[in-house]
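Working notes, structure below.
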Amino acid sequence: MERNLIENDFTVAVTFRHNMRPVEYRCNHLELRVGDTVVVDSERGAAIATVERSRMKAKGRCCTRQIRNVIRKATPHDLEVDKRNSEKEQAIYRAARQKISDGELRMKLSHAEMSFDEKRAILYFTSEDRVDFRDMVKSLAAEMNVRIEMRQVGVRDEARILGGCGICGFKLCCSSFLPDFMPVSIRMAKDQNLSLNPTKISGVCGRLMCCLMYEQDFYKEMQKTVPRTGKTVITPEGRGKVLVADFLRSRVTVMVEGDKGIMTFEAAQVQPAYPTQPQGKPRQGGQRQRQERPRPDDRPVDKPVDQAVQEALEENGNGDDEPAE
24 MERNLIENDF TVAVTFRHNM RPVEYRCNHL ELRVGDTVVV DSERGAAIAT VERSRMKAKG
84 RCCTRQIRNV IRKATPHDLE VDKRNSEKEQ AIYRAARQKI SDGELRMKLS HAEMSFDEKR
144 AILYFTSEDR VDFRDMVKSL AAEMNVRIEM RQVGVRDEAR ILGGCGICGF KLCCSSFLPD
204 FMPVSIRMAK DQNLSLNPTK ISGVCGRLMC CLMYEQDFYK EMQKTVPRTG KTVITPEGRG
264 KVLVADFLRS RVTVMVEGDK GIMTFEAAQV QPAYPTQPQG KPRQGGQRQR QERPRPDDRP
324 VDKPVDQAVQ EALEENGNGD DEPAE
């Protein structure tokens with residue numbers, strides 16, 4: 024059962040065997056410590072979980088979202104059931120992998136999850152195509168004597184479920200604290216002057232890293248005052264082209280025309296050679312400027328990064344073209 028969180032409630036954060044992202048549960052009637060094993064009322068019924076964060080009063084954190092309850096501390100019987108379920112999950116996973124291989128099904132099995140009542144097993148898988156697995160499910164259900172459900176997930180969801188470490192050395196954001204996946208685009212990598220090398224900007228799921236969005240607002244704001252790489256600008260030393268835009272220091276490195284070479288200026292010292300007209304404002308003669316269409320690399324990406332980068336470069340080019348003089 025679930026109800027809204029109120030000021031006098033106490034909550035704990037718990038993690039599940041197949042979901043390491045902490046989930047908040049109400050525990051008003053229980054004294055729980057980090058590491059305790061509990062039985063909770065999950066969306067699929069009772070489930071075993073581990074306390075990740077100790078009791079905390081909800082005062083000041085009241086919200087309208089509904090929150091479920093911790094039912095009890097796990098008893099020896101609950102732990103025994105959980106142990107049996109873990110063994111069954113491994114057996115079902117191995118059997119399913121073998122049947123997928125024998126049937127040459129174009130799918131990748133992520134993991135198997137047994138319900139606490141031991142009556143149902145859910146198999147999570149990823150696939151780029153539609154797969155007819157009906158015969159495999161019937162055969163597996165008869166062999167394991169349990170009801171089988173198949174559930175397709177995306178590659179990002181698979182990474183969230185399985186967990187792991189990113190190139191930063193920390194736990195994956197999606198499996199530790201991110202509540203939802205946010206749209207990420209190639210444009211974010213360009214705005215932040217990151218290399219478009221797929222190995223540098225892709226996560227373990229093979230998609231663009233979620234952390235690209237963390238500083239995006241800062242870079243979008245800085246673009247209003249710092250000219251981007253490739254732009255032609257007017258400097259105190261003359262006209263030139265921006266080679267490097269340092270958003271963090273608010274500086275630009277410019278190849279100045281003539282024999283003056285490469286020079287660095289504060290962003291406030293340079294002006295764009297081609298001032299842009301605000302979108303939607305009437306031009307001279309009363310005609311309104313056409314609204315700019317979204318660029319191909321502005322679109323959220325849900326495909327392998329190497330493919331997304333190649334498409335963005337082909338459709339939009341490596342940089343922004345200057346207007347003709």
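Each residue of the sequence shown is one higher than the one before, counting from 24 in this note's numbering.
Cβ atoms here follow ideal geometry from the backbone N, Cα and C, with glycine treated the same way.
All of these numbers come straight from a predicted model, not from anything done at the bench.
request  = Pull up the CB-CB distance for Glu136 and His41, whole angstroms please, since I reckon it's below 8 Å.
outcome  = 5 Å
message = Given this structure, state the Cα-to-Cα distance separating Val160 from Lys122, to the nearest angstrom.
response = If I take the Cα positions, the gap works out to 9 Å.
query = Touch check for the region 177 to 197 and the region 230 to 237: three-plus C-beta pairs under 8 Å?
reply = Yes, since at least three Cβ pairs between the region 177 to 197 and the region 230 to 237 fall closer than 8 Å, the two stretches touch.
request  = Could you say if the region 173 to 187 and the region 208 to 228 meet the contact criterion of at least three C-beta pairs nearer than 8 Å?
outcome  = A contact exists between the region 173 to 187 and the region 208 to 228.
ask   = Starting from Leu163 and walking both ways along the alpha helix (DSSP H), at which residues does that stretch end?
value = Taken as a continuous stretch (DSSP letters only), the alpha helix (DSSP H) holding Leu163 covers Arg157 to Met167.
message = Helix, strand or coil, according to DSSP, for His52 in the structure here?
response = coil
Sufficient close CB pairs (3 or more, under 8 Å) joining the region 203 to 215 to the region 238 to 250 = yes
request  = Please confirm whether Leu266 and Val277 have their CB atoms less than 9 Å apart.
outcome  = yes
Contact under 9 Å by Cβ, Asn216 with Ala268 = yes
request  = Count the other C-beta atoms from every protein chain shown that fall within 10 angstroms of the C-beta of Phe200, then say buried if there are 16 or more, exposed otherwise.
outcome  = exposed
ask   = Okay, do the region 102 to 118 and the region 132 to 148 touch, 3+ Cβ pairs below 8 Å being the bar?
value = Segment contact: the region 102 to 118 against the region 132 to 148, three or more CB-CB distances shorter than 8 Å; contact assigned.
ask   = Would you report the Cα separation of Arg120 and Ser198, rounded to the nearest angstrom?
value = 25 Å
inquiry  = Within 10 Å of its beta-carbon, does Ser65 have 16 or more other beta-carbons around it, so buried, or fewer, so exposed?
reply    = Under this definition Ser65 is a buried residue.
ask   = What span of residues does the beta strand (DSSP E) with Tyr147 cover, start to end?
value = Its beta strand (DSSP E) spans residues Arg143 to Thr149.
message = Does Val227 come out as helix, strand or coil in the three-state DSSP assignment?
response = coil
message = If the criterion is Cβ atoms closer than 9 Å, does the pair Val328 and Pro259 meet it?
response = no
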